[in-house]
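The structure appears right after this line, and notes come after that.
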Amino acid sequence: MAQSNVSWDDCMQQAVTSDIGMRRTSNQDSYAVWPASDLQSWYERGHLFLVADGMGAHAGGELASKLAAKGIPHAYYSHRDKSPHEAILLAITETNAQINQRGKANIDYHNMGTTGSVLLLLPQGAVIAHVGDSRVYRLRSNQLEQLTFDHSLVWEMKATGRFPKDIDMASMVPKNVITRSLGPNADVQIDLEGPFPIESGDIFLLCSDGLTGKVEDEELGALLASLAPEEAVQVLVDLANLRGGPDNITAIVVKVIGHQLTTKVADGGPLLASEPRSRKTFHSTLWVLPGLCFLVSGAMFVLRLPLPGVLAAAGGALAMLFMLILNWDRTSRGPGVVPQTLGQLGKGPYTSLKCPPGATFAARMEGMAKDLMEAAGEANCSLDLAGFEEFCHLGRKSAMAKDFADSIRQYTRGISHVMQQLRQRPPQSNDDVTPGPS
């Protein structure tokens with residue numbers, strides 16, 4: 012996590028966690044959190060958040076995701092002469108080439124790869140660069156939107172439009188087959204989405220598929236709406252692990268709480284793109300004018316007419332200076348580029364779901380807490396349940412008062428209370444407290 016010289020606590024809350032899961036021996040997920048170091052950096056580059064989910068044998072996936080989490084932010088901030096969306100495209104392209112070269116150089120890392128989902132919070136709005144099936148969501152007014160397209164076989168087949176909308180593609184096609192990733196190929200196609208306007212109260216979630224494979228969108232939205240970011244990331248991981256935790260789980264939650272981060276294009280200026288400049292060339296005959304002036308000046312001095320000679324020489328000097336200035340202005344602006352206002356990128360959001368933290372979800376969390384208790388009892392686990400029972404009591408009390416958001420908070424705190432104890436216990440062969448999905 013990069014250090015910032017200024018505090019953004021009055022306008023942004025953020026939290027991140029990455030967990031190995033219940034079935035893996037190593038964590039191949041990586042992440043990056045780079046808040047702007049100062050106000051100038053905020054206006055020029057904004058805040059950067061990244062999730063990378065590696066894949067490959069012999070720790071190749073772990074290496075690939077670490078290279079992405081380290082390389083992309085560094086490269087992004089190094090391209091100061093580019094607009095943010097151009098800089099992030101270059102950064103991902105360059106990092107992809109680095110991962111690809113490392114894979115070719117070592118047989119153990121052959122064909123290693125990683126997803127890469129990057130969220131930029133800019134004065135112009137939220138911009139996303141994305142490869143793979145990790146996801147970026149935005150929750151606003153209990154409406155959860157997926158801002159990224161899964162580069163998976165399931166989603167690609169759905170996108171063809173050749174299958175009925177109500178067909179369950181996930182039951183027909185393996186969900187973990189992805190169609191794009193960083194590393195395996197020298198070139199990679201990168202999705203750009205946005206800019207999406209940012210409002211106070213917006214909550215962004217970046218996560219690997221270890222979370223979304225076990226926690227439904229409806230649950231994600233209700234939990235994000237009910238919990239502070241620090242609690243939310245831990246509860247999301249706990250739920251995924253309670254349901255088997257077959258994969259690594261990484262989650263970053265960012266909540267906008269102040270007007271400083273809301274979208275004000277007038278202050279930040281429009282997002283710009285560089286497009287080819289129409290070159291203005293000078294015909295060679297135009298350079299004859301200064302030469303002609305100097306020729307006339309010389310003739311005047313030969314004819315002993317100094318005043319006309321001086322005037323002609325001065326005219327030639329001014330003409331040459333004018334031509335040089337025009338040519339310098341034409342070439343000093345770079346290799347034929349001119350900034351153009353950028354329109355909306357991508358086609359997101361790709362899904363949208365209303366998911367308020369209401370009575371139905373509060374009841375589901377109560378059922379999940381009961382299932383956890385029954386599973387712990389059947390496994391004969393010696394746990395301190397006093398805290399758990401107190402949280403459940405508060406959850407029922409809030410539900411009766413129709414404060415369902417607080418009811419959800421209390422039940423999730425009870426679940427996390429038990430999960431924390433389980434994490435601190437040494438593994439035992441007879442321990443199995445994984446309840447089924449509620």
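The sequence shown begins at 12 in the numbering used here and counts up by one.
Backbone N, C-alpha and C fix where the C-beta goes; we use that ideal spot for every residue, glycine too.
This one's a predicted model, so the numbers in the text were calculated from it and none came from an experiment.
- Message: Assuming the contact rule is C-beta atoms closer than 8 Å, Q25 and P240 should be a hit. Round their C-beta distance to whole Å, please.
- Response: Confirmed, Cβ separation roughly 6 Å.
- Reduced DSSP category for V267 - H, G, I as helix; E, B as strand; rest coil: strand
- Selected residue, minimal CA-CA separation from A236, among H428, R146, S52 and A416: A416
- Item | Cα-Cα separation between F101 and G194, rounded to whole angstroms | Before going on, a small fix: residue 101 reads as Leu here, not Phe. Near 15 Å, if we compare the C-alpha coordinates of G194 and L101.
- Query: Per DSSP, what kind of secondary structure is M384 in: helix, strand or coil?
  - Reply: helix
- Query: Under a Cβ-count criterion, where at least 16 other Cβ atoms within 10 Å of its own Cβ denotes burial, should K365 be classed as buried or exposed?
  - Reply: Around the C-beta of K365, fewer than 16 other C-beta atoms lie within 10 Å, and the residue is accordingly described as exposed.
- Taking the beta strand (DSSP E) that P206 falls in, what are its first and last residues? D202 to F207
- Item | Own chain partners of I268 with C-beta closer than 8 Å, once the 5 adjacent residues on each side are dropped | Result list for I268: D21, C22, M23, Q24, S211 and G212, in chain order.
- Message: For a test of the three-state rule: what should DSSP assign to M23, helix, strand or coil?
- Response: strand
- For M66, which beta-bridge partners are listed by DSSP? G124
- Per the contact definition of three or more C-beta pairs closer than 8 Å, is the region 81-91 in contact with the region 37-45? yes
- Query: Grouping DSSP H, G and I as helix and E and B as strand, with all else coil, what is Y361?
  - Reply: coil
- Do L158 and G398 come within 7 Å of each other at the CB atom, strictly closer than that value? no
- With 16 other Cβ atoms within 10 Å as the buried cut-off, status of I178: So I178 ends up on the exposed side.
- Item | Three-state secondary structure assigned by DSSP to S89 | helix
- Sheet register partners of S215 (DSSP bridge): Before going further, note that residue 215 is Phe rather than Ser in the sequence given. R149 and V265, per the DSSP bridge assignment.
- Message: Rounding to the nearest angstrom, what Cα-Cα distance links I110 and D30 in this structure?
- Response: Taking the CA atoms as reference points, I110 sits about 23 Å from D30.
- 6 Å Cβ shell around F372 - same chain, five flanking residues per side excluded: A233
- Message: Please classify P368 as buried or exposed, where buried requires at least 16 other C-beta atoms within 10 Å of its C-beta.
- Response: buried
- With DSSP as the reference, please indicate the residues paired to F60 in a beta bridge. V44 and L130
- Query: Can you round the beta-carbon distance between V244 and V27 to whole angstroms, since I take them to be within the 8 Å contact cut?
  - Reply: V244 to V27, Cβ: 6 Å. Contact.
- List the whole-angstrom C-beta distance separating L356 from H90, where the pair is believed to meet the contact cut-off of C-beta under 8 Å. Rounded, the Cβ-Cβ distance is 18 Å, inconsistent with contact.
- Closest Cα partner of R254 within the set Q435, K93, Q421 and A386: A386
- Own chain residues within Cβ distance below 6 Å of V147, not counting five before or after: S128, L130, I139, L158, T159 and L217
- Query: In angstroms, rounded to a whole number, what distance separates the CA positions of E167 and I260?
  - Reply: Near 23 Å, if we compare the C-alpha coordinates of I260 and E167.
- Any idea what DSSP makes of H162, helix, strand or coil? coil
- Task: Within its chain, find whatever has a CB closer than 7 Å to the CB of A251; leave out the 5 residues flanking it on each side and keep chain order.
- Result: G221, L222, K225, V226 and I260
- Query: Is DSSP giving E55 helix, strand or coil here?
  - Reply: helix
- Query: Helix, strand or coil: how does DSSP classify D258 here?
  - Reply: coil
- Select from M384, Y361 and L272 the residue whose C-alpha is nearest the C-alpha of Q154. Y361
- Please classify I178: does DSSP put it in a helix, a strand, or coil? coil
- Query: How would you label G205, buried or exposed, when you count the other beta carbons within 10 angstroms and need 16 or more for buried?
  - Reply: buried
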